[in-house]
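S.K.:
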């Protein structure tokens, strides 16, 4: 009985010493989708909770932080925005992660016209405490 118990005890002790498995791409995707959902709903307070204080977007030659994006949204003729994402490629470790993806936006303006845009985007995330935060987005209109 002792011979059986020792290997089982050793296996249990070794598995308890294994490092925590890092989060996967799904956690990063969830933050990204939530951020753009907040942009769509103009939930600016929640939007800011999903990002680091240093968060910026590089878009079309401009550097935009959350406050700048809020100003753009508030000054826009767009009344409804819907975003969808495709072709995610991710890299994640215990404290940082990145996504490369396609972003498709559909927008309705005040005069009821519809605009669509497609972007090539990449994003960098940092883990702050136990939460993933969006730190940087680079966005280029797809041609």
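In my numbering, the protein residues as written are 24 to 166.
Each residue gets a CB set at the ideal place from its N, CA and C atoms; glycine is no exception.
Every value quoted in this text rests on a predicted model; they were computed, and no experiment measured them.
Drop a sphere of 10 angstroms on the beta-carbon of residue 72, count the other beta-carbons inside from all chains shown, and report buried for 16 or more, exposed for fewer.
M.R.: The residue you call residue 72 lines up with position 49 of the chain shown. Counting Cβ neighbours within 10 Å, residue 72 comes out exposed, since fewer than 16 surround it.
S.K.: Taking the alpha helix (DSSP H) that residue 60 falls in, what are its first and last residues?
M.R.: Translated into the one-based positions of the chain shown, residue 60 becomes position 37. Start and end: 48-64.
S.K.: Pull up the DSSP beta-bridge partners for residue 101, would you.
M.R.: On the chain shown, position 78 is the one that residue 101 refers to. BP columns for residue 101 point to 132.
S.K.: Please return the same chain residues whose Cβ sits closer than 8 Å to the Cβ of residue 58, not counting the five positions on each side in sequence.
M.R.: What you label residue 58 is simply residue 35 of the chain shown in a count that begins at 1. Cβ neighbours of residue 58 beyond the five flanking positions: 70, 73, 74 and 157.
S.K.: Is the stretch 47-54 touching the stretch 89-99, taking contact as three or more C-beta pairs under 8 Å?
M.R.: Counting Cβ pairs under 8 Å, fewer than three are found: no touch.
S.K.: Among residues of its own chain, excluding the 5 on either side of residue 107, which ones have a beta-carbon nearer than 6 Å to its beta-carbon?
M.R.: Here residue 107 refers to the residue found at position 84 when the chain shown is read from its first residue. For residue 107, where only same-chain residues beyond five positions count, the Cβ hits under 6 Å are 127.
S.K.: Using alpha carbons as the reference points, say which of 136, 145, 122 and 117 lies closest to residue 152.
M.R.: Along the chain shown, one-based indexing puts residue 152 at 129. When each option's Cα is compared against that of residue 152, the closest is 117.
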